[in-house]
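Student: Structure in structure tokens, see below.
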Amino acid sequence: PMNSSISLLSFTVVLWGILTTVFPQTAVALDWTARNGPEGGYVAQITVDRTDHNLIYLSNYAGIYKTTNGGNNWTSLNAYFGGSKILIDPANHNTLYIGNGNIIKSTDAGTNWTILDTKLPCGDGTKSLVIDPKNSSTLYAPVITKVGTTPDYYVIKSTNGGTTWTKLTWKAYDLAVDPTNSSILYASTTTGLQKSTDGGGTWSPAGTGLPASQELGTPVIDPQTPTTLYVTVADAVYKSTNSGGQWQLS
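Counting the sequence shown from 1 gives a position; the numbering used here is that position plus 305.
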């Protein structure tokens, strides 16, 4: 299974919250229709193109699939990176990224793929991948490593679309970038949720109201109201309406 603190229940709740925020019409979508998705069992992720909602990418343990007609038909992209996180470049929907230990990039909507040279040490692998919404050439990749037998994390960053990477001085196993201000970052860390307002130069705790000593999920920022955030803790979803200043059970 994927190394994630988001259970099926909490993932469903967060997904519903995101969909009803980004696409308010889904709030009344009480009926669902089977879309006859591809074989492969467990679905790791579904990514919908923001500019064309019929263009969807799906990741499962058999590989990566694509539909251009809202799920009526699916085509294998012959990219066997099962259980992967798929990201679409917000500035160019032909550019895709996959985070699955390595970072893989396509510039032709999934026809061809290139494994990017992150220069990670042997045994280290990317745990997640985040695109800066305002500058899609900037990427952050939390990396999982080990100190002895204990898991540890650090973050690498690219400012040129993944061509070169720099190891940062701060640690996180997941993070989010404010869609209106690239200097504002939220990071899930082993010491709780942290916030930076200077692009990661300095950090301060932003987890007031969240349960202590529990692994956090991915911070999710409302793209229409960036002061509203969501994060999962175990099987619960918490919400902040003041940029992480205070959290309440959602």
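Glycine included, every Cβ here is placed at the ideal spot set by N, Cα and C.
Note that this is a predicted model, so its numbers are computed, not measured.
Quick one: is L434 buried, meaning 16 or more other Cβ sit within 10 Å of its Cβ, or exposed?
Tutor: Looking up residue 434 in the sequence shown gives position 129. Under this definition L434 is a buried residue.
Student: Rounding to the nearest angstrom, what Cα-Cα distance links K409 and L425 in this structure?
Tutor: In the sequence shown, the residue the question calls residue 409 occupies position 104. In the sequence shown, the residue the question calls residue 425 occupies position 120. In the sequence under discussion, the amino acid at residue 409 is Ile, which differs from the Lys named in the question. Roughly 14 Å between the two C-alpha positions.
Student: When we look at the beta-carbon of K451 and count the other beta-carbons within 10 Å, is it buried (16 or more) or exposed?
Tutor: Translated into the one-based positions of the sequence shown, residue 451 becomes position 146. Result: exposed.
Student: The beta strand (DSSP E) spanning P456 covers which residue range?
Tutor: As a working note, residue 456 is residue 151 in the sequence shown. Start and end: 455 to 463.
Student: DSSP state of I489, grouped into three classes?
Tutor: Within the sequence shown, residue 489 is the residue found at index 184, counting from 1. Correct three-state label for I489: coil.
Student: If we count the other Cβ atoms within 10 Å of its Cβ and call it buried at 16 or more, is S364 buried or exposed?
Tutor: Position 59 of the sequence shown holds residue 364. Per the 10 Å Cβ criterion, buried.
Student: Which residue comes first and which comes last in the beta strand (DSSP E) that contains N359?
Tutor: What you label residue 359 is simply residue 54 of the sequence shown in a count that begins at 1. Unbroken beta strand (DSSP E) run through N359: 357 to 365.
Student: Comparing alpha-carbon positions, which option in L480, D429, G415, T507 lies nearest T455?
Tutor: For this step, residue 455 is matched to residue 150 along the sequence shown. It is D429 whose Cα lies nearest to the Cα of T455.
Student: So, for Y347: in the same chain, excluding its five sequence neighbours on each side, which residues have a beta-carbon less than 7 Å away from its beta-carbon?
Tutor: Working through the sequence shown from its first residue, we reach residue 347 at position 42. Once the five neighbours on either side are set aside, the close Cβ partners of Y347 are N365, Y366.
Student: Can you tell me whether Y478 is helix, strand or coil according to DSSP?
Tutor: Against the sequence shown, residue 478 aligns to sequence position 173. Note: Y478 maps to coil in three-state DSSP.
Student: Beta carbon of P528, beta carbon of P484: below 7 Å?
Tutor: Translated into positions along the sequence shown, residue 528 becomes position 223. Translated into positions along the sequence shown, residue 484 becomes position 179. The answer is yes: Cβ separation under 7 Å.
Student: Measuring alpha carbon to alpha carbon, tell me which of H398, G514, G505 ends up nearest T412.
Tutor: In the sequence shown, residue 412 corresponds to position 107, counting from 1. Of H398, G514, G505, the residue nearest in Cα terms is H398.
Student: By DSSP, does G428 sit in helix, in strand, or in coil?
Tutor: As a working note, residue 428 is residue 123 in the sequence shown. G428 falls in the coil class under three-state DSSP.
Student: Helix, strand or coil for G497, going by three-state DSSP, please let me know.
Tutor: On the sequence shown, residue 497 is found 192 positions in, with the first residue counted as 1. Strand.
Student: If you follow the beta strand (DSSP E) that A446 is in, where does it begin and where does it stop?
Tutor: Counted from its first residue, the sequence shown places residue 446 at position 141. Note, A446: beta strand (DSSP E), 444 to 452.
Student: Helix or strand or just coil, what does DSSP make of N405?
Tutor: Position 100 of the sequence shown, counted from the start, is the residue given in the question as residue 405. Strand.
Student: Would you tell me roughly how many angstroms separate the C-alpha atoms of E344 and N547, rounded to the nearest one?
Tutor: The count along the sequence shown starts at 1 and reaches residue 344 at position 39. The count along the sequence shown starts at 1 and reaches residue 547 at position 242. If I take the Cα positions, the gap works out to 42 Å.
Student: What did DSSP end up calling A517 once you bin it into helix, strand or coil?
Tutor: Here residue 517 corresponds to residue number 212 of the sequence shown, with the count starting at 1. Coil.
Student: Taking three-plus beta-carbon pairs below 8 Å as touching, is the stretch 491 to 504 in contact with the stretch 463 to 482?
Tutor: Contact holds: three or more Cβ-Cβ distances are below 8 Å.
Student: Under DSSP, the beta strand (DSSP E) around A541 begins and ends at which residues?
Tutor: Locating residue 541 in the sequence shown gives position 236, counting from the first residue. From DSSP, the beta strand (DSSP E) with A541 extends over 541 to 545.
Student: Given a cut-off of 7 Å on the beta-carbon distance, is the pair I436 and L392 in contact?
Tutor: Residue mapping note: residue 436 aligns to position 131 of the sequence shown, counting from 1. Residue mapping note: residue 392 aligns to position 87 of the sequence shown, counting from 1. Against a cut-off of 7 Å, the Cβ pair of L392 and I436 comes out as a contact.
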